[in-house]
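Protein chains: 2
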Amino acid sequence: MEGFKIDYIEIIGIVAAILTTASFLPQVYKTWKTKDVSSLSLPMWLIFFVGILFWLVYGILEKSISMVLANSITIVSSFLMLYFKIKYGKRQ
Amino acid sequence: MEGFKIDYIEIIGIVAAILTTASFLPQVYKTWKTKDVSSLSLPMWLIFFVGILFWLVYGILEKSISMVLANSITIVSSFLMLYFKIKYGKRQ
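These protein sequence lines are chains C and H, in that order. Here the working numbering is used: position 66 in the first sequence is 105, and no number is missing along the way. Here the working numbering is used: position 51 in the second sequence is 90, and no number is missing along the way.
Written out as structure tokens, the structure is:
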């Protein structure tokens, strides 16, 4: 198991990844339920989605399972937020 | 310069960090101007803020300048969003 160690630094990284990945779920749920997107920024979700796409590619190239897992979930969350903003934004 | 190389994979990571860090700025600006926080999720910004705090500590312990830089900016953005949500949320 040389070179593969989960020390306390890696545990902090894993907690960080779980928190930032999970954080978008209540926003997706709230927007899906209320269909209210008035105070959401379209540029934010557009730039964020493209940024997460780059993080996902980076994680794949770096062969980091935790980065690929976290960013695979976040790319779905950010795509949904972008879709909601464009879809429901037209009505407001 | 052995062990310190910026290859194309690192460039993808740097682009990813710039995009996700920059993405929150239009949201902070929009919320600051409009004071409208109705469609923002409080749990999202609370969990996200704590998550970024963990990423910042992780970056410091890993001695990653790009992680420390990106997360120092994002912790300010997410703190402002949390502050706006709590402050302006009371009025609505």
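The beta-carbon is built from N, C-alpha and C at its ideal position, and this holds for glycine as well. The model shown is predicted, which means the values in this text are computed figures rather than measured ones.
Report buried or exposed for residue i, applying the criterion of at least 16 other Cβ atoms within 10 angstroms of its Cβ.
| i | result |
| --- | --- |
| C/Ile50 | exposed |
| H/Met40 | Note that H/Met40 scores a pLDDT of 49, beneath 50, so its modelled location is shaky; the value from the coordinates is reported in the next line. By the neighbour-count rule (16 or more Cβ atoms within 10 Å), H/Met40 is not buried but exposed. |
| H/Gly128 | exposed |
| H/Thr73 | exposed |
Under 8 Å, Cβ to Cβ, is there at least one residue of chain H near residue i?
| i | result |
| --- | --- |
| C/Leu100 | yes |
| C/Phe63 | yes |
| C/Ser109 | Checking the sequence shown, residue 109 of chain C turns out to be Ala, not Ser. Closer than 8 Å: no. |
| C/Leu121 | no |
| C/Val115 | no |
| C/Lys133 | Residue numbering for chain C in the displayed model covers 40 to 131; residue 133 of chain C lies beyond these limits and cannot be assessed. |
Closest to residue i by CA distance: which of the options is it?
| i | options | result |
| --- | --- | --- |
| H/Ile58 | C/Thr60, C/Lys72, C/Phe93 | Reading off the sequence shown, one finds Leu at residue 58 of chain H, where the question assumed Ile. Residue C/Phe93 is the option with its Cα nearest to H/Leu58. |
| C/Phe88 | C/Tyr68, C/Gln66, C/Ile114 | C/Ile114 |
| C/Ile53 | H/Phe118, H/Phe63, H/Ser117, H/Leu95 | H/Leu95 |
What distance in whole Å lies between the Cβ atoms of residue j and residue i, which are believed to be in contact at a cut-off of 8 Å?
| i | j | result |
| --- | --- | --- |
| C/Pro65 | H/Met83 | 5 Å |
| H/Tyr97 | C/Ala55 | 5 Å |
| H/Ile48 | C/Leu100 | 5 Å |
Cβ of residue i less than 8 Å from any chain C Cβ?
| i | result |
| --- | --- |
| H/Trp94 | yes |
| H/Ser103 | no |
task = Take every Cβ of the stretch 69-86 of chain C, pair it with every Cβ of the stretch 112-127 of chain C, and state whether three or more of those distances are shorter than 8 Å.
result = At 8 Å Cβ cutoff, the stretches touch.
query = If we count Cβ pairs, one from each stretch, closer than 8 Å, do we get three or more for the stretch 99-111 of chain H versus the stretch 106-118 of chain C?
reply = Too few Cβ pairs lie closer than 8 Å, so no.
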